[in-house]
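Notes follow the structure.
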Ligand SMILES: [Zn+2]
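Numbering (the working numbering), first residue to last: 23 to 265.
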């Protein structure tokens, strides 16, 4: 820090910090989603999740249904074959055997049909729910698109403002000695935005304006001497004389 005009450097740091805080505010503004859009995005995502879940359930029910359906077709074929063979039976005993087989197959077909009907109902119910949800989503889409577009335009405007400010900031920073600038920036990063602050006189003592700690007399003295940059022993911020 040798050879640095401390009071000039502090002056420049305060101006730079003003610009930095303005940039911080602008960045926060850019990142803040309009509540209307945040809410609609949230609703949209919930409904998309619901839709995905319904589609998965439909897929699972359809799989069960198709398995049953295949088995039913197979049983029906076997039953038809047994009925055809029964007509060719050469004895009453053989005819009775076919009759028993046909009876067994019929029972199995009835049982399986009874299990399959609720699956068909469930598929119909899910298909209707999916359609209703898709219609709801289609109804929300134009408003969502409109809000997203509005937000894009808002961000674009703010980003242009940010860019202009950042260029100004870069010009200001270029005039500050590198070591001072780096120290200030490191503190600002660690301390959420404020790298340089002032002492405030409270009765006969001095406090750090940023963290309120009471400063030891020798620290306050050094700040007044202004020979080098002095930092608050508590929060580490660069200290300047009271304004
Ligand atoms: Zn402090």
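Each residue gets a CB set at the ideal place from its N, CA and C atoms; glycine is no exception.
Looking at residue i and ligand 1, is the gap between the Cβ and the nearest heavy atom below 7 angstroms?
| i | result |
| --- | --- |
| residue 29 | no |
| residue 235 | yes |
| residue 256 | yes |
| residue 211 | no |
| residue 232 | yes |
| residue 47 | no |
| residue 176 | no |
| residue 259 | yes |
Taking the C-alpha atoms as reference points, what is the distance between residue i and residue j?
| i | j | result |
| --- | --- | --- |
| residue 219 | residue 251 | 12 angstroms |
| residue 209 | residue 227 | 25 angstroms |
| residue 26 | residue 238 | 24 angstroms |
| residue 63 | residue 75 | 18 angstroms |
| residue 23 | residue 44 | Its pLDDT being 48, under 50, residue 23 is placed unreliably in this model, and the coordinates cannot settle the point. |
| residue 29 | residue 181 | 34 angstroms |
| residue 127 | residue 139 | 18 angstroms |
| residue 177 | residue 162 | 22 angstroms |
| residue 70 | residue 172 | 22 angstroms |
| residue 114 | residue 121 | 10 angstroms |
| residue 58 | residue 42 | 29 angstroms |
| residue 231 | residue 36 | 14 angstroms |
| residue 158 | residue 148 | 15 angstroms |
| residue 221 | residue 213 | 17 angstroms |
| residue 141 | residue 49 | 54 angstroms |
| residue 129 | residue 137 | 13 angstroms |
| residue 52 | residue 184 | 9 angstroms |
| residue 81 | residue 119 | 41 angstroms |
Under a three-way DSSP split, which group does residue i fall into?
| i | result |
| --- | --- |
| residue 198 | coil |
| residue 249 | coil |
| residue 23 | Bear in mind that the predicted position of residue 23 carries a pLDDT of just 48, short of 50, making it too unreliable to give a figure here. |
| residue 237 | strand |
| residue 56 | coil |
| residue 256 | coil |
| residue 29 | helix |
| residue 265 | coil |
| residue 42 | helix |
How far does the beta strand (DSSP E) with residue i in it reach, from first residue to last?
| i | result |
| --- | --- |
| residue 262 | 260 to 262 |
| residue 229 | 227 to 230 |
List, from N- to C-terminal side, the alpha helix (DSSP H) runs of 4 residues or more that fit wholly inside the segment 105 to 143.
none
What residue ranges within the segment 147 to 230 form continuous beta strand (DSSP E) runs of no fewer than 3 residues, ordered along the chain?
218 to 224, 227 to 230
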